[in-house]
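Encoded as structure tokens, the structure appears first; notes follow it.
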Amino acid sequence: MDPEKLQFILSFAQKDKPKSMKEAMPFLLANMNIAKKKNLNFTAPEVQLIAEILSRDLPEAEKERVQKMLSVMSRNTKN
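What follows is the structure, encoded as structure tokens:
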């Protein structure tokens, strides 16, 4: 994995995560905008990892919603 991507994911993992889907979406979008500004594009497995990190503390139904949303986003990855 690209060192800059790894650093981004490690930093993402250390942040306090949202406890609901309502909070998760703005949190995710803000972090993805940071990645975009750094010209970081994630592969499908990297997006899956980000989804797992993001949804770690969410209820099961909301975890599934995060997974579905990020699977749509991963279709647009370039790497």
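Under our numbering, think of the first position of the sequence shown as 57, with each following residue one higher.
Don't be surprised by glycine CBs; every beta carbon is placed ideally from N, CA and C.
Item	Value
Pair within 8 Å by beta-carbon distance, R121 and M77	yes
Cβ pair L110, K73 closer than 8 Å	yes
Of the residues L126, L114, N97, the one placed nearest L5, counting alpha carbons only	Outside the shown range of the chain (57 to 135) lies residue 5, about which nothing can therefore be said.
Proximity of A107 and L126 at Cβ, strictly below 8 Å	yes
Alpha helix (DSSP H) segment containing M81, residue limits	77 to 93
Where the alpha helix (DSSP H) containing L110 begins and where it ends	100 to 111
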